[in-house]
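Numbering (full-length UniProt numbering), first residue to last: 1 to 400.
Here is the structure:
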């Protein structure tokens, strides 16, 4: 192997090879050289043998970025380490792995967070939504950055970009990043959360309550529907205020129809907590009728699910198509399935129930969640105030 004293001029004038790569070796330090690729990239390298006689070759640095003398000194250290029985190439790989574990790419840590942290707390629908936020909005901009490289400005830029088309989703991406970095802090990978303190877009809460006339029209449309299984789902939603996912996952062993109680498992609730719900007589009657029908039907009709799907093992997973059709039949516009839950709460407020009681029925764990219905108390409170005023005025007149 021919050697030549490497100088800055020699390195600059090394030709580009026709083959994949070519090496020129230094005559001053054995094992030190320059590798030139077919693309013309020149890299200082160190070559040495480790235990067992295996030959290793390591890159020291690109010639346009590292001074020749610096590269020669670094190569000398690597070669000396190998002469003393070490394996610098393996040690570098291990050190790189440790470094990457302690400061992973955001995309790798976010995936791990979804699988190890979020999966324990969130329902499948929430996980799916968060995965979509990551894939569509977050990872394209932050995915290939290391955790410690991400700044508040970068997250603000992402939020601003997403806000142009999806202002609400933009807020959710910031919340998602904040949750991920909170875990990273707890695990000792970063010291600060760059997603904190970012101004969010204003969100206007959408509240839609069915009027009594709309409820009657909906009930008529349900009675006339050819799909009574889906119609029963809607009836249970109207009478319990439950979330549609909770009802679709309802099992017979969750119900005590004699006591009139539905115990929602933690796995099906948004708060991941068991929720015990008292059932009104109309709901109990509906469920008893369904149970009787299932038990008296064919063997294939019997199921552990209250609302079984088309397969023998699963349950119904959606009623979106049915809901759109029944709303069209009832001539009700701009009503979501979730608005049945709001309507349930509004009717309770109108009947004089307190917010804590309503929150308990809906499964709210925080009072502020139920407080969104507080303004609905204005009318019954005004009526009570007026009744009191009439009594008080009448009493004053008697005294006079």
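Note that beta-carbon positions come from the ideal geometry of N, C-alpha and C, so glycine has one too.
These figures come from a predicted structure and were not determined experimentally.
For residue 81, the CB contacts under 7 Å within the same chain, skipping 5 residues up- and downstream, are 88 in chain order. In the DSSP assignment, residue 8 falls outside any beta strand (DSSP E) and lies within the alpha helix (DSSP H) extending over 8 to 12. Under the Cβ criterion (8 Å, minimum of three pairs), the segment 303 to 311 does not count as touching the segment 179 to 197. Taken in chain order, no unbroken stretch of beta strand (DSSP E) lies wholly in the segment 126 to 152 with a span of 3 residues or more. DSSP, reduced to helix, strand and coil, places residue 242 outside both helices and strands of the structure shown, so it counts as coil. Each of 230, 78, 50 and 54 was checked against the Cα of residue 60, and the nearest Cα belongs to 78. For residue 55, the enclosing beta strand (DSSP E) covers residues 55 to 62. The beta carbons of residue 130 and residue 176 sit closer together than 9 Å. Beta-bridge partners assigned by DSSP to residue 26: 4. Ranked by Cα distance from residue 329, the options 174, 183 and 220 are led by 220. Shown here for residue 45: same chain residues with a beta carbon closer than 8 Å to its own, the five before and five after excluded, namely 23, 32, 33, 34, 35, 57, 58, 59, 60 and 75 in chain order. Each of 2, 42, 52 and 254 was checked against the Cα of residue 64, and the nearest Cα belongs to 42.
The beta carbon of residue 264 sits closer than 6 Å to those of 246 and 275, all from its chain and outside the five residues before and after it, given in chain order. As the crow flies, the alpha-carbon of residue 162 is around 14 Å from that of residue 202.
Shown here, residue 187 sits in coil according to DSSP, grouped into three states, outside any helix or strand.
Taking all protein chains shown into account, residue 241 has 16 or more neighbouring C-beta atoms within 10 Å of its C-beta and is therefore buried. Beyond the five residues adjoining it in sequence on each side, residue 322 comes within less than 7 Å, by CB distance, of 227 and 230 in the same chain, given in chain order.
Taking each of 111, 86 and 27 in turn and checking the Cα distance to residue 48, the smallest one comes out for 86. For residue 325, no beta strand (DSSP E) segment is defined; the enclosing uninterrupted segment is the alpha helix (DSSP H) at 320 to 330.
Proximity to residue 319 across 249, 290 and 293 peaks at 249, based on C-alpha coordinates.
Here the alpha carbon of residue 331 sits roughly 16 Å from the alpha carbon of residue 339. In this structure, DSSP gives residue 33 an extended state, which the three-state scheme calls strand. Residue 180 has its alpha-carbon roughly 12 Å from the corresponding atom of residue 192. Here DSSP, grouped into helix, strand and coil, assigns residue 338 to coil. Taking all protein chains shown into account, residue 28 has fewer than 16 neighbouring C-beta atoms within 10 Å of its C-beta and is therefore exposed.
It is roughly 16 Å from the alpha-carbon of residue 233 to the alpha-carbon of residue 304. Assignment of beta-bridge partners to residue 276 by DSSP yields 263.
Sequence-distant partners of residue 167 (beyond 5 residues in either direction) whose C-beta falls short of 7 Å from its own C-beta, in its chain, are 201.
The residue from 278, 6, 124 and 142 with its alpha-carbon nearest to that of residue 109 is 142.
In the three-state scheme derived from DSSP, where H, G and I count as helix and E and B as strand, residue 166 is classed as coil. For residue 48, the enclosing beta strand (DSSP E) has its first and last residue at 42 to 49.
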